[in-house]
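First to last, the sequence lines map onto chains A and B. Going from the first sequence to my numbering is simple: count from 1 and add 3. Going from the second sequence to my numbering is simple: count from 1 and add 172. One structure below.
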Amino acid sequence: MASVSLRRIEKDYGAVQVIHGVDVEIRDGEFMALVGPSGCGKSTLLRMIAGLEEITDGEIWIGDQLVNDLAPKRRNIAMVFQNYALYPHMTVAENMGFSMKLANEPKQERDRRVAAAADILGLSELLGRYPRQLSGGQRQRVAMGRAIVRDPKVFLFDEPLSNLDAKLRVAMRAEIKQLHQRLRTTTVFVTHDQVEAMTMADRIVVMNAGRVEQIGTPLELYDRPDNLFVATFIGSPSMNRFDGEIIQSANGPAFRLADGTVFALPASAPAGQEAVCGVRPEHFALDDNGIEAEVVVQEPTGSETQVIMRLGATQATGLFRERLSVEPGERIRVSVKPGLIHLFDSKSGIRL
Amino acid sequence: MNSVRDASRPARRDSSRSGVAAETLVYYALYAVLALVVLFPLAWVLLGSFKNPGEIFAYPTTFFPRDFTLTNYNDVVRRTALPTYLYNTAIVTVFTLVFTLIIGTIAAYGFSRWNFPFKNTTMVTLLILQLIPSTVNIIPYYLMMNWMGLLNTRIALVLIYTATHIPFTIWIMKGYFDTLPRSLDEAAVIDGCSMFRVFWSIILPLSLPGLSAAGFLVFLGSWSEFLVPLVIANSREVAVMSVGLYSFFGMDTTAYHYAFAASVMSTAPVIVAYLFAQRYLVSGLASGAEK
């Protein structure tokens, strides 16, 4: 196990810069997720840690070793690819033991470690099969087995669950998390799915356009997003955004939308400026004294009801624990506790 | 109203089914005619090789041999230089095959996996070179081989064949390598493979269909090339099969019975090579690498 340190990492392809001075410290044994929309540079960053992509500037440290110029095989890392990248002409056992074979490890030791990894992943019965004879989930496990056998300092996962169907993805999510809890190997996990990142990671790096937007624990990112991008990226359904201004009303600071709708704000809100107000869908509550909203669509999921509604001129999503029986066009009244409202600067998007 | 419409449906289905059957019949008849056009000359040569010289030109003409004989084969092997021609052809073909595939696949892997200046220009140039007919090159070949002192040697043929077959081998193999996911190379690099080991242990075993296709075309090309060996290496000691066969056709007489037997013997290895290559000419070897 080892920590991973990315210092002022830059990457450009000719005139196009794709990573702009990224600094990330990944602690020893930590499960770190890199998350962001497609093209934000998260996979490039992972491939740079792996040594599959050269860095233009900066330093990558694995443990106390600077690995900038080290070949991938010397970095003591293992990587699980999005498409598994299993060797089709090798059996499961050969796939898993290939790295040890290359390292000239004795066959006995090789077999022992392959068997141990297969045991952890429930692959013992499949060791003699070829990848084409396995299901998607089994292939995914073999890819992880290949990584485990190497006993690396760092596991790198490049969107390993994106090819699985929804049900299997949830199951594999739990398996990977369990595996990490068992092995405690430093893990860097790239995903574009924020739910995956939230549920699995100790900490998350949110990236956008080659820059780090925020680093923090899942709940830190959820509860105190540093900026509008993180606020709207993290959370599903995503945070509602209202444009307006902070005013000083008789009852203290309030947020006034362009159409005149007003939310109460905490006393600390800086009045007298234009801002963006963010409200998480589950922070709306049904309240007879609240603001009037027109129901556009109602989506019951059983455990909760998602309502798309129109608050003044703005469309918003609310998530209610109650089983609502409202029809489109009907009016409901909702309120938000002032302490649960997020405020962002309307120009920079930075949290106020 | 409904019942009328329902009653008409099965009839319409029947007529469309018989229409499809008739169409299929026409296609199969066409295939049969085409197969006959291709196979008839081959069958004529094969069956003729088992006839006596007199029967080949007998009237009325026989298709199947009246008196089945292996004498033509026996004579061709014992009384002509055919074994030497076969040996020369085999040597030249095997070396051409080995050199072409080694150079061609390594170059193709480079073209497939790395970007370098003028990569596309080089690929197009290779294609253009392939379009030049050997007739145009024959005098330069002769002069070069003469300058190197390689006229009337098998080495000359191997050199020329290898050079002429490398471009399309690169094109075929590059096309094949492009279909193999790069993540396989990357996984192997992380597992500890050197660049050559990735190629040897991962890429090459998965490329048997591509290698078979390219290998068979190289085999066919070098086995059946006529003009180059006729000009460059036509002495009896180094002559290859195609030139040897030509020698059966004399100014005054032609030993058709020998020519038929020799033709069959020279064609057989091509068929064997095809059957061998065909085992691997199936896609799907790389299945299971990805999702």
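Backbone N, C-alpha and C define an ideal beta-carbon position, used for all residues, glycine too.
Please determine, among the options, the residue with the shortest C-alpha to C-alpha distance to residue i.
{"i": "B/Gly226", "options": "B/His429, B/Tyr452, B/Phe368, B/Ser366", "result": "B/His429"}
{"i": "A/Ala261", "options": "A/Phe245, A/Pro240, A/Ala119", "result": "A/Phe245"}
{"i": "A/Arg132", "options": "A/Ile58, A/Glu97, A/Glu56", "result": "A/Glu97"}
{"i": "B/Ala360", "options": "A/Ile207, A/Ile80, A/Met201, A/Lys110", "result": "A/Ile80"}
{"i": "A/Asn292", "options": "A/Leu48, A/Ala267, A/Glu325", "result": "A/Ala267"}
{"i": "A/Gly66", "options": "A/Gly32, A/Val339, A/Ala200", "result": "A/Gly32"}
{"i": "A/Asp161", "options": "A/Asn211, A/Ser138, A/Val299, A/Ile52", "result": "A/Ile52"}
{"i": "B/Asn244", "options": "B/Tyr452, B/Asn287, B/Lys223, B/Trp286", "result": "B/Lys223"}
{"i": "B/Cys365", "options": "A/Phe101, A/Gln20, A/Arg313", "result": "A/Phe101"}
{"i": "A/Ile344", "options": "A/Arg334, A/Gly352, A/Ala257, A/Glu302", "result": "A/Ala257"}
{"i": "B/Asn324", "options": "B/Thr336, B/Val412, B/Pro305", "result": "B/Val412"}
{"i": "A/Ala274", "options": "A/Ala288, A/Ala253, A/Ile294", "result": "A/Ala253"}
{"i": "B/Ala235", "options": "B/Thr241, B/Thr252, B/Val217", "result": "According to the sequence displayed, residue 235 of chain B carries Phe and not Ala. Out of B/Thr241, B/Thr252, B/Val217, B/Val217 has the C-alpha closest to the C-alpha of B/Phe235."}
{"i": "A/Arg30", "options": "A/Gln276, A/Thr220, A/Asn243, A/Arg172", "result": "A/Thr220"}
{"i": "A/Met203", "options": "A/Asn211, A/Thr235, A/Leu164", "result": "A/Leu164"}
{"i": "A/Val209", "options": "A/Val21, A/Ala5, A/Met4, A/Leu37", "result": "A/Leu37"}
{"i": "B/Ile404", "options": "B/Trp395, B/Phe283, B/Gly321, B/Phe432", "result": "B/Gly321"}
{"i": "A/Thr264", "options": "A/Ile250, A/Gln276, A/Ala272", "result": "A/Ile250"}
{"i": "B/Leu303", "options": "B/Thr336, B/Arg285, B/Met316", "result": "B/Thr336"}
Can you pull the DSSP bridge partners for residue i?
{"i": "A/Glu256", "result": "First, the residue type needs correcting, since residue 256 of chain A is Pro and not Glu in the sequence shown. According to DSSP, A/Pro256 bridges with A/Gln251."}
{"i": "A/Asn211", "result": "A/Arg214"}
{"i": "A/Val83", "result": "A/Phe160"}
{"i": "A/Ile353", "result": "A/Asn230"}
{"i": "A/Val193", "result": "A/Leu37, A/Asp161"}
{"i": "A/Phe323", "result": "A/Thr308"}
{"i": "B/Phe421", "result": "B/Thr426"}
{"i": "B/Ser285", "result": "Per the sequence shown, the amino acid found at residue 285 of chain B is Arg instead of Ser. According to DSSP, which records beta bridges pairwise, B/Arg285 is partnered with nothing at all."}
{"i": "A/Tyr16", "result": "A/Val19"}
{"i": "A/Gln318", "result": "A/Arg313"}
{"i": "A/Ser8", "result": "A/Glu28, A/Trp64"}
{"i": "A/Ser338", "result": "A/Ala288"}
{"i": "A/Arg206", "result": "A/Met35"}
{"i": "A/Asp348", "result": "A/Ala278"}
{"i": "A/Gly3", "result": "One cannot answer for residue 3 of chain A here, as it falls past the ends of chain A, which runs 4 to 355."}
Determine whether the beta carbon atoms of residue i and residue j lie at a separation below 8 angstroms.
{"i": "B/Val249", "j": "B/Pro255", "result": "yes"}
{"i": "A/Arg206", "j": "A/Met35", "result": "yes"}
{"i": "A/Val59", "j": "A/Asp15", "result": "The question names Val, but residue 59 of chain A is Thr in the sequence shown. Yes."}
{"i": "A/Thr308", "j": "A/Arg326", "result": "yes"}
{"i": "B/Ile344", "j": "B/Gly382", "result": "yes"}
{"i": "B/Pro401", "j": "B/Leu329", "result": "yes"}
{"i": "A/Gly140", "j": "A/Asn166", "result": "no"}
{"i": "B/Asn318", "j": "B/Val410", "result": "no"}
{"i": "A/Ala362", "j": "A/Glu248", "result": "Since the displayed chain A opens at 4 and closes at 355, residue 362 of chain A lies outside it and no answer follows."}
{"i": "A/Glu56", "j": "A/Arg10", "result": "no"}
{"i": "A/Ile1", "j": "A/Leu224", "result": "Because chain A spans 4 through 355 in this model, residue 1 of chain A falls outside it and cannot be assessed."}
{"i": "A/Leu89", "j": "A/Ala146", "result": "yes"}
{"i": "A/Arg50", "j": "A/Pro228", "result": "no"}
{"i": "A/Cys280", "j": "A/Leu346", "result": "yes"}
{"i": "A/Arg144", "j": "A/Pro134", "result": "no"}
{"i": "A/Val233", "j": "A/Ile294", "result": "no"}
{"i": "A/Ile311", "j": "A/Val300", "result": "yes"}
{"i": "B/Phe398", "j": "B/Ile375", "result": "no"}
{"i": "A/Ala316", "j": "A/Asn243", "result": "no"}
{"i": "B/Ala449", "j": "B/Ser221", "result": "no"}
{"i": "A/Leu137", "j": "A/Leu129", "result": "yes"}
{"i": "A/Val152", "j": "A/Met103", "result": "yes"}
{"i": "A/Val21", "j": "A/Gly44", "result": "yes"}
{"i": "A/Leu126", "j": "A/Val95", "result": "yes"}
{"i": "A/Ile218", "j": "A/Leu289", "result": "no"}
{"i": "A/Gln342", "j": "A/Val298", "result": "In the sequence as displayed, the identity of residue 342 of chain A is Gly instead of Gln. For A/Gly342 and A/Val298, no; Cβs fall outside 8 angstroms."}
What are the uninterrupted segments assigned as alpha helix (DSSP H) that are 4 or more residues long and contained completely in the segment 25-79 of chain A, given in chain order? Look at the segment 25-79 of chain A and you find these whole runs of alpha helix (DSSP H), each 4 residues long or longer: 45-53.
Go through the segment 321-387 of chain B residue by residue and report every complete run of the beta strand (DSSP E) that reaches 3 residues or more, in order. Those beta strand (DSSP E) runs which fall completely within the segment 321-387 of chain B and span 3+ residues do not exist here.
Which complete alpha helix (DSSP H) runs does the segment 226-304 of chain A hold, if anything under 4 residues is left out? Entirely contained in the segment 226-304 of chain A, the alpha helix (DSSP H) runs reaching 4 residues are, in chain order, 231-236.
Is the segment 185-201 of chain A in contact with the segment 15-26 of chain A, if contact means three or more CB pairs nearer than 8 angstroms? Between the segment 185-201 of chain A and the segment 15-26 of chain A there are fewer than three inter-stretch CB-CB distances shorter than 8 angstroms, so the stretches are not counted as touching.
Which parts of the segment 230-270 of chain B are runs of the alpha helix (DSSP H), unbroken and 4 residues or longer, counting only runs that do not cross its ends? Those alpha helix (DSSP H) runs which fall completely within the segment 230-270 of chain B and span 4+ residues are 243-251.
Going residue by residue through the segment 113-160 of chain A, where are the continuous alpha helix (DSSP H) segments of at least 4 residues, counting only ones entirely within it? Annotation note: the segment 113-160 of chain A contains the following uninterrupted alpha helix (DSSP H) runs of length 4 or greater, listed N- to C-terminal: 139-152.
Is the segment 265-282 of chain B close to the segment 334-350 of chain B, with three or more CB pairs under 8 angstroms? At 8 angstroms Cβ cutoff, the stretches touch.
Using 8 angstroms as the threshold, is the segment 370-386 of chain B in touch with the segment 289-300 of chain B, meaning 3 or more CB pairs across them? Fewer than three pairs of CB atoms, one per stretch, sit closer than 8 angstroms, so the segment 370-386 of chain B makes no contact with the segment 289-300 of chain B.
Count the C-beta pairs between the segment 228-245 of chain B and the segment 305-316 of chain B that are closer than 8 angstroms, then say yes if the count reaches three, no if not. At 8 angstroms Cβ cutoff, the stretches do not touch.
Contiguous alpha helix (DSSP H) assignments of at least 4 residues, all confined to the segment 384-408 of chain B: The segment 384-408 of chain B contains, as complete alpha helix (DSSP H) runs of 4+ residues, the segments 399-404 (chain order).
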